[in-house]
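Before any comments, here is the structure.
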DNA sequence: GCCGTTTTCGGCCCGACTGTTTTCAGTCG
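Residue numbers (our numbering): 1 to 573.
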């Protein structure tokens, strides 16, 4: 079992215990471990083999024993017994908005409801309204919530979420009295996929703004409406929340709504130790005196911390690092001076070599690599070996025309075939300026096979960059089941570059593995994988992955100047 | 169930909103 599978088990235990009515702190402990396992950069099996499970945050004696049993046998007696007691089908009902563990237990024990389908039938047959604490409105809310489930799509892509949020923000900022308005939540933290949208505004008179929000033309229904907080469902099924505080309290509000929840809990614990209480409204000291903040930076300052940028706020060590004044120096978009993965009309893209070069020069880049698909990827109209010769003439002509202002490398995104061989022979690869190799097909091979397939490519001295290593497509298609401990060790040994693909449907390497790669000193490239000139600007999304992964900017080859880059390329040839 | 610059036991963040209640429980972020 891998980290994610173990995390799923503990998440399941937490939910079942919640329904059973176990004390919340116990279920919280399981949830914390699940979260920590998901962001653990190294394979949990290694901790297990080296007898260091208790070094994982939140893992104590009881959970350590459970991990051991799961990794040894693949099963867990504790969970099996729990599922005898609490039917796992009950978990379906937790997806319904406003239905939590207490309600599920109520429906199960007092109405015999065990599945989501039975819940819907019971609600429609008016069987829930007479249960304790329930009424007609609660019953109607459950029906509406179940209907919303089918409208609600999976998580949004980061790029799409920004588009929707920006358009709402433009109107929000025009509302009377709104001094400041920002996107917060996971969007402001640049998480790879987004669930709900959170907007915050500083405004002295919130009611008219809330009125505008809940009567927005795209509003499908109102989920909650209050003075400080309202929540709506848009016609496209996306939920948006708007939080408002007076402008002088905007700092604590923005801090709070940006999250993450785990970061905020940790921060509030830290405040408590200083006899302070932190909320979205203010910091209050032991005597009840209130301190308000219009700027977020001052909230951190008041707690004795340097400013922590939103991308780091996942409770993955950033608060400790801030306390010890060792927050990482992080990559900025303006540090990016080159892009090593883009397509042109020579394969499946919209713009010519010259158009791409001009657009990249406009962005301030000193070097680009043209990396069209190879013939093996049939759907992408890949280049044959003969076609490469023609393309080289085109690149040479554009280079001559544009002179020294931008360097255009001839590369290719070489297809890694199912048997692990590459689409071009070595003698062709050796004549290229730079070579990206990527997986697109047969991604479902078993772990050992696909890991070996990629290791072979990493060891090929003609390959410089592994493009989007896992092949995942957000939000739903999982990447290859790679053994990252093997892949990263081989990458370090070979001195090869791993790509953080900046297309927001990829963001691959993901942040967890990018962080580990950086800790291991592996070189990384961030590439937009542009198929149009506009898509060169997707780079910002790749930069966000590097920031969230604490990546050391010096390891990112896009930050190097041209001389350093060329001498590195020469050393590989 | 975890954890310790006030603790190996007794804590474990804080507030808004809703609906069912006449003061609060449940859910959510």
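All C-beta atoms in this analysis are idealised placements derived from N, C-alpha and C, irrespective of residue type, glycine included.
task = Leaving out five residues on either side along the sequence, give the residues of the same chain with a beta carbon under 8 Å from the beta carbon of residue 207.
result = 227
query = From the DSSP output, which residues share a beta bridge with residue 367?
reply = 338 and 407
Per-residue DSSP class, three states only, for residue 331 = coil
task = Pick out whichever of 568, 537, 499 and 564 has its Cα sitting closest to the Cα of residue 551.
result = 499
query = Apart from the five residues just before and just after residue 537, which ones in its own chain have a Cβ nearer than 8 Å to its Cβ?
reply = 363 and 528
Among 121, 451, 279 and 37, nearest to residue 419 - alpha-carbon criterion = 451
message = For residue 188 and residue 163, I'd like the C-alpha separation in whole angstroms.
response = 13 Å
request  = Go through its chain and collect everything with a Cβ distance to residue 218's Cβ below 7 Å, but skip five positions before and after it.
outcome  = 234 and 235
query = Taking DSSP as the reference, what is the three-state secondary structure of residue 45?
reply = helix
ask   = Is the Cβ-Cβ distance between residue 457 and residue 416 less than 7 Å?
value = yes
Of the residues 45, 559 and 17, the one placed nearest residue 335, counting alpha carbons only = 559
message = Using only CA atoms, which one of 18, 4, 120 and 174 lies nearest to residue 209?
response = 174
message = Under DSSP, the beta strand (DSSP E) around residue 467 begins and ends at which residues?
response = 465–467
request  = Determine the direct distance from the alpha carbon of residue 463 to that of residue 488, and round the result to whole angstroms.
outcome  = 15 Å
inquiry  = Please state whether the Cβ-Cβ distance between residue 249 and residue 281 is less than 7 Å.
reply    = yes
message = From the DSSP secondary-structure annotation, give me the bridge partner or partners of residue 183.
response = 199
query = Near residue 577, what residues of its chain come up, given a Cβ to Cβ distance below 8 Å and the 5 sequence neighbours on each side ignored?
reply = Residue 577 is absent from the model: the chain starts at 1 and stops at 573.
inquiry  = Across the stretch 47–55 and the stretch 130–137, are there enough close Cβ pairs to call them in contact, namely three or more that are closer than 8 Å?
reply    = no
Unbroken stretches of the beta strand (DSSP E), 3 residues or longer, contained in the stretch 240–325 = 276–278 and 283–285
ask   = So residue 604 packs on residue 146, CB below 8 Å; how close in whole Å?
value = There is no way to answer for residue 604, as the model of the chain reaches only from 1 to 573.
task = If I'm right that residue 333 touches residue 543 with Cβ under 8 Å, what's the distance once you round it to whole angstroms?
result = 5 Å
inquiry  = With a threshold of 7 Å on Cβ separation, who are the neighbours of residue 432 within its own chain once the five nearest residues in sequence on each side are excluded?
reply    = 410, 411 and 412
task = For residue 204, name the three-state secondary structure that DSSP assigns.
result = coil
request  = Could you tell me which residues DSSP pairs with residue 508 in its beta bridges?
outcome  = 501
inquiry  = I believe residue 1 touches residue 70 by the beta-carbon criterion, under 8 Å. Please report the beta-carbon distance rounded to the nearest angstrom.
reply    = 6 Å
query = If we count Cβ pairs, one from each stretch, closer than 8 Å, do we get three or more for the stretch 352–359 versus the stretch 420–431?
reply = no
task = Can you check DSSP and say which residues form a bridge with residue 156?
result = 194
query = What residues in its chain sit with their C-beta under 7 Å from that of residue 467, if we drop five residues either side in the sequence?
reply = 341, 413, 436, 437, 438, 499 and 501
request  = Give the single residue among 253, 168 and 40 whose Cα lies nearest to the Cα of residue 515.
outcome  = 40
ask   = Under the three-state reduction of DSSP, which class applies to residue 347: helix, strand or coil?
value = coil
query = What number of angstroms, rounded off, separates the C-alpha of residue 506 from the C-alpha of residue 370?
reply = 19 Å
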